[in-house]
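Only one structure is covered here, and it is reproduced in the block below.
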Amino acid sequence: MNILDKIVIDKRKEVNLKKELIPIKAYEQLPYFGMKTRSLSEKLRASQTGVIAEFKRKSPSKSIINDTALVEDVAIGYENAGVCGMSILTDEIYFGGSMDDLMIARENCELPLLRKEFIIDEYQIIEAKAIGADAILLIAAILTKAEIKQFSELAKSLNLDVLLEVHNEDELHKSIMPSLDMLGINNRNLKTFEVSLDISKQLSALIPNDFVKVSESGISSVNAIKELQPYGYKGFLIGENFMKTDNPGASAAQFIKDLAGL
Ligand SMILES: O=P(O)(O)OC[C@@H](O)[C@@H](O)c1c[nH]c2ccccc12
1 MNILDKIVID KRKEVNLKKE LIPIKAYEQL PYFGMKTRSL SEKLRASQTG
51 VIAEFKRKSP SKSIINDTAL VEDVAIGYEN AGVCGMSILT DEIYFGGSMD
101 DLMIARENCE LPLLRKEFII DEYQIIEAKA IGADAILLIA AILTKAEIKQ
151 FSELAKSLNL DVLLEVHNED ELHKSIMPSL DMLGINNRNL KTFEVSLDIS
201 KQLSALIPND FVKVSESGIS SVNAIKELQP YGYKGFLIGE NFMKTDNPGA
251 SAAQFIKDLA GL
């Protein structure tokens, strides 16, 4: 069994347990539920740099990346750096994240926040809205076409932006639908952890222009972004390159200065 299958099995157990403990109605009472969201896709369309900076403590491919940075400091640092949005892992077991991380980031910045999670149930989308997320990630590799439609339409009904992530052509063809805002190409194979920016280059022409194109993972230099921009990418999801430093916000600020040629 590959790591992605394992993550999904554990996620299903986690969501089923949560459903018993916290009825979804409870989330609908939380303050953020009715609040206006910030559009990550619109910020990317308008941006010349398009950096979505991630808060990630660890991953299955890299055990620990950063287990000392405080999410509130990183959120403030990323906002001061001028990123377009912040991605926050809320999976605990494999990525060391939590929903608390997203709530704390929400209290400390006005950036559009992307809940980075293995979404397999509508429950997690309601949660995302209730804790202050502005966007959710849907991963084509673990969802059927029908689920992508169901989940993205629910997200849109809650004014959440949707980033749909694919890693190959089959996943892309399964996913194209009007209820998506951004189409992400994950340069990392979530089963083998192999990373190649060529994935973004190979698949870019297949992404309809209706969507904001986002390249994700393995981006560690300004040159990589300058290589991808001619392929139509407007968003660049970067985690480890910033999180591996002792000041992710400062690292992002320098990166954006270099990218903008300042
Ligand atoms: O740390 P990197 O190589 O810059 O990658 C960031 C982000 O793209 C990556 O964390 C990611 C993209 N899609 C995912 C899905 C699940 C977990 C993690 C991810």
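Residues 1 to 262 in UniProt numbering are what the sequence shown lists, from first letter to last.
For every residue, glycine included, the Cβ atom is placed at its ideal position computed from N, Cα and C.
Extent of the continuous beta strand (DSSP E) run through residue i
{"i": "residue 115", "result": "113 to 116"}
{"i": "residue 51", "result": "51 to 55"}
{"i": "residue 194", "result": "Careful: residue 194 lies outside any beta strand (DSSP E) and carries neither H nor E."}
{"i": "residue 213", "result": "212 to 216"}
{"i": "residue 77", "result": "From DSSP, residue 77 is part of no beta strand (DSSP E) but of the alpha helix (DSSP H) over 71 to 81."}
{"i": "residue 44", "result": "Careful: residue 44 lies outside any beta strand (DSSP E), inside the alpha helix (DSSP H) at 40 to 46."}
Run of the alpha helix (DSSP H) containing residue i, from where it starts to where it stops
{"i": "residue 240", "result": "240 to 243"}
{"i": "residue 100", "result": "99 to 108"}
{"i": "residue 15", "result": "3 to 21"}
{"i": "residue 170", "result": "169 to 175"}
{"i": "residue 162", "result": "It is not in any alpha helix (DSSP H) - residue 162 instead sits in the beta strand (DSSP E) that spans 161 to 166."}
{"i": "residue 129", "result": "122 to 130"}
{"i": "residue 139", "result": "Element bounds for residue 139: not the alpha helix (DSSP H) but the beta strand (DSSP E), 135 to 139."}
{"i": "residue 187", "result": "It is not in any alpha helix (DSSP H) - residue 187 carries neither H nor E in the DSSP assignment."}
{"i": "residue 249", "result": "248 to 259"}
Cβ-based neighbour list, residue i, same chain, cut-off 6 Å, excluding 5 preceding and 5 following
{"i": "residue 251", "result": "242 and 245"}
{"i": "residue 64", "result": "58"}
{"i": "residue 258", "result": "222"}
Check: residue i C-beta below 7 Å from any heavy atom of ligand 1
{"i": "residue 186", "result": "yes"}
{"i": "residue 237", "result": "yes"}
{"i": "residue 218", "result": "yes"}
{"i": "residue 116", "result": "yes"}
{"i": "residue 241", "result": "yes"}
{"i": "residue 171", "result": "no"}
{"i": "residue 165", "result": "yes"}
{"i": "residue 17", "result": "no"}
{"i": "residue 197", "result": "no"}
{"i": "residue 54", "result": "yes"}
{"i": "residue 120", "result": "no"}
{"i": "residue 228", "result": "no"}
{"i": "residue 190", "result": "yes"}
{"i": "residue 125", "result": "no"}
{"i": "residue 139", "result": "yes"}
Own chain, CB closer than 8 Å to residue i, minus 5 neighbours either side, in chain order
{"i": "residue 171", "result": "140 and 141"}
{"i": "residue 76", "result": "108, 109 and 249"}
{"i": "residue 209", "result": "232"}
Same chain, Cβ closer than 7 Å to residue i, five either side skipped, listed in chain order
{"i": "residue 132", "result": "32, 102, 103, 106 and 113"}
- Query: Using 8 Å as the Cβ pair cut-off and three pairs as the minimum, do the region 48 to 55 and the region 79 to 90 touch?
  - Reply: yes
- Evaluate contact between the region 183 to 196 and the region 212 to 226, counting only Cβ atoms and requiring at least three cross-stretch pairs below 8 Å. These segments touch.
- Message: Could you check whether the region 173 to 182 touches the region 195 to 204, counting it as contact only if at least three pairs of C-beta atoms, one from each stretch, sit closer than 8 Å?
- Response: Fewer than three Cβ pairs drawn from the region 173 to 182 and the region 195 to 204 lie within less than 8 Å of each other, which leaves the two stretches out of contact.
- Message: Below 8 Å, how does it come out for the region 118 to 135 and the region 20 to 29: are there three or more Cβ pairs, yes or no?
- Response: yes
- Query: Would you call the region 94 to 113 and the region 25 to 40 in contact, with 3 or more CB pairs under 8 Å?
  - Reply: yes
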